[in-house]
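Novice:
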Amino acid sequence: MASNIGMMDGAYFVGRNEILTWINNCLQLNLSRIEEAASGAVQCQMMDMTHPGVVPMHKVNFDAKSEYDYIQNYKVLQDVFNKLKIDKHIEVNKLVKARPLDNLEFLQWLKRYCDSVNGGIMNENYNPIERRCKGGKERVKGSIKASKSLQSNNTHHHSATVDSGPKPSRASTGSGGGNHSSVDIQALSNEITDLKLSVDLLEKERDFYFAKLRDIEILCQIQELEDLPVAVAIKKILYAADAKESALEEAQEYLAEALNAGEDEGEEA
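Quick note on full-length UniProt numbering: the sequence shown kicks off at 1 and runs consecutively.
#1: So what's residue 52 in DSSP terms, helix, strand or just coil?
#2: How far does the alpha helix (DSSP H) with residue 116 in it reach, from first residue to last?
#3: Do you know how far the Cα of residue 34 is from the Cα of residue 69?
#4: Alpha carbon to alpha carbon, how far is residue 230 from residue 61?
#5: Thinking just about the alpha-carbon of each residue, which of 91, 64 and 56 is nearest to the one in residue 80?
#6: Just tell me which of 59, 52 and 98 has its CA closest to the CA of residue 114.
#7: Would residue 103 be called buried (16 or more neighbouring beta carbons within 10 Å of its own) or exposed?
#8: What's the gap between the Cα of residue 282 and the Cα of residue 209?
#9: Hey, residue 303 and residue 28 are a contact pair by Cβ (cut 8 Å); roughly how many whole angstroms apart?
#10: Return the CA-CA distance between residue 22 and residue 207, expressed in angstroms with no decimal places.
#11: Tell me which same chain residues have a C-beta within less than 7 Å of the C-beta of residue 262, skipping the five on either side of it?
#12: Verify whether the separation of the beta carbon atoms of residue 38 and residue 111 is less than 8 Å.
#13: On the three-state DSSP scale, how would you describe residue 78?
#14: With DSSP run on the structure shown, which of helix, strand or coil describes residue 226?
#15: Report buried or exposed for residue 260, applying the criterion of at least 16 other Cβ atoms within 10 angstroms of its Cβ.
#16: Taking DSSP as the reference, what is the three-state secondary structure of residue 28?
#17: Note down the Cα distance separating residue 20 from residue 255, rounded to an integer number of angstroms.
#18: Look at residue 225 and residue 237 and say whether their C-beta atoms are less than 8 Å apart.
#19: Do you know offhand how far residue 211's Cα is from residue 131's?
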């Protein structure tokens, strides 16, 4: 199981569009932004799809609007993880803030986990829409009645307003240019979000490898090791000033000479 996945695992290089397509296809949703999954409801249903019957769907609030409601969904998800003995820490405080990168990382992990169960094959009998209504029929009915009542009142009010008010002229209706502007703005906004996510991922990868190089450097500086041929060769690579040429060849030559010298000394002894 993919309960623990390293940060450099390929799972964390799955793009935003692929994650959204996966969610929308599996759950018959229409998400356009990663942040829309910040409530935790989507994650709960993904686990319900992967492990049918384990998630108490009647406790999952798909209409969650506040951070408090989000937290309740994540509590349900954490209970499911505990029940399935999945050792994965859910950073609820970050996820409920609806920051794209934090939610993308968690969804990347979730996709990898779901793909690791039964090869990611979805149960053909699973009905995501029906499961979302499971246990919440009374609330749904109440919402429908309220919506109908509100719609009736709004229709009556709108009719009275139209009859008593002036009719709009053709000029005021516009030619639809505003809609095109909105589409362009949304497209640019999505592109900016993608670029920000790419930069964040690249910075994380850079910091990851820099930390590893720093650990190697500290290890090679230990007094008992720093004069060993291997440590000296590694430092030649670490401290190479010319970024255009690889220092590997020079380090290999030094290491070969040092090893040959050691063998000659051994033979003389």
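Cβ atoms here follow ideal geometry from the backbone N, Cα and C, with glycine treated the same way.
Note that this is a predicted model, so its numbers are computed, not measured.
Specialist: The relevant details are as follows:
#1: coil
#2: 100 to 116
#3: 18 Å
#4: 58 Å
#5: 56
#6: Comparing Cα positions, the closest option is 52.
#7: buried
#8: As shown, the chain starts at 1 and ends at 269. That puts residue 282 outside it, with no answer to give.
#9: The chain is shown from 1 up to 269; residue 303 falls before or after that span and cannot be answered.
#10: Taking C-alpha positions only, residue 22 is separated from residue 207 by approximately 29 Å.
#11: none
#12: no
#13: Of the three classes helix, strand and coil, the one that applies to residue 78 here is helix, per DSSP.
#14: coil
#15: exposed
#16: coil
#17: 50 Å
#18: no
#19: 45 Å
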